[in-house]
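Have a look at the structure below before the remarks.
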Amino acid sequence: MRRIEEHGKVTFNQAIKDFIQGWVSYGGRSTRAGYWWVILGEWILGGAFAIGYWLLSAIPFWHTFSIILLVIVGIFMLIAQLAVTFRRFRDVGFKTAPIVIWLLCDLFVPLVDIIAQIAGFVFTLLPTDQFVAEKENWLVRGKDTVDETQTTAAAQPQLTKAAPAATTTSTSLPTVVFYPDGREQEIK
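Throughout, my numbering is defined as the position within the sequence shown, counted from one, plus 48.
Written out as structure tokens, the structure is:
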């Protein structure tokens with residue numbers, strides 16, 4: 049088990065690798081792309097199981113073997129899916145307590161579970177750090193707890209004044225935009 053900390057662009061292979069290696073890692077973060085690549089991988093695996101079951105259904109004892117295999121893989125996928133969902137919600141900005149409350153409502157409260165499932169789907173579509181607040185509270189992380197080295201969709205460039213060049217005679221200072229990925233752009 050390793051802590052999964054996805055940042056930036058995540059490929060299909062990296063997402064599946066993180067999914068398998070972090071199958072019981074409920075800490076860390078999973079990006080939007082990492083989460084949805086895993087969902088695609090689960091659909092592909094489910095289709096492969098269905099085709100394999102259909103093709104091999106004439107083999108004796110296949111039904112017993114396939115049910116045992118399906119139960120084992122299903123338990124693994126359920127635990128790993130909960131872990132990647134926890135990491136995705138943490139990436140959006142939620143703390144652990146609201147994620148657990150969401151999960152309990154989703155699993156055990158009739159009628160509220162439908163609302164929880166819709167909200168959960170919407171939360172997985174949101175960009176990184178969408179719910180990060182100015183100050184930390186019981187529901188979401190504060191901006192002071194956000195990893196500043198991570199480039200996010202919500203990260204805004206910082207405007208600062210650059211020192212004038214020695215050869216210029218201009219009295220006004222140019223504005224320089226610093227982007228989270230390290231780029232700089234001078235605005236005149």
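Every residue gets a Cβ at the ideal spot worked out from N, C-alpha and C, and that includes glycine.
Measure the alpha-carbon distance for residue i versus residue j and round it to whole angstroms.
{"i": "W186", "j": "I147", "result": "11 angstroms"}
{"i": "Q178", "j": "E53", "result": "17 angstroms"}
{"i": "K143", "j": "R189", "result": "6 angstroms"}
{"i": "V157", "j": "I107", "result": "42 angstroms"}
{"i": "G243", "j": "E182", "result": "There is no way to answer for residue 243, as the model of the chain reaches only from 49 to 236."}
{"i": "I64", "j": "F137", "result": "18 angstroms"}
{"i": "L118", "j": "G56", "result": "34 angstroms"}
{"i": "L93", "j": "F226", "result": "43 angstroms"}
{"i": "S105", "j": "W91", "result": "21 angstroms"}
Residues in its own chain within less than 7 angstroms of residue i by CB, not counting five upstream and five downstream?
{"i": "I127", "result": "W71 and V72"}
{"i": "A131", "result": "G70, W71, V72, S73 and Y74"}
Which one or two residues does DSSP pair with residue i in a beta bridge?
{"i": "R77", "result": "E53"}
{"i": "E234", "result": "V224"}
{"i": "A181", "result": "G190"}
{"i": "F142", "result": "V188"}
What is the C-beta distance between residue i and residue j, in whole angstroms, given that I count them as a contact (C-beta under 8 angstroms)?
{"i": "V86", "j": "F109", "result": "Contact doesn't hold; Cβ gap of about 32 angstroms is too wide."}
State buried or exposed for residue i, treating a residue as buried only when at least 16 other CB atoms are found within 10 Å of its CB.
{"i": "G82", "result": "buried"}
{"i": "W150", "result": "buried"}
{"i": "R51", "result": "exposed"}
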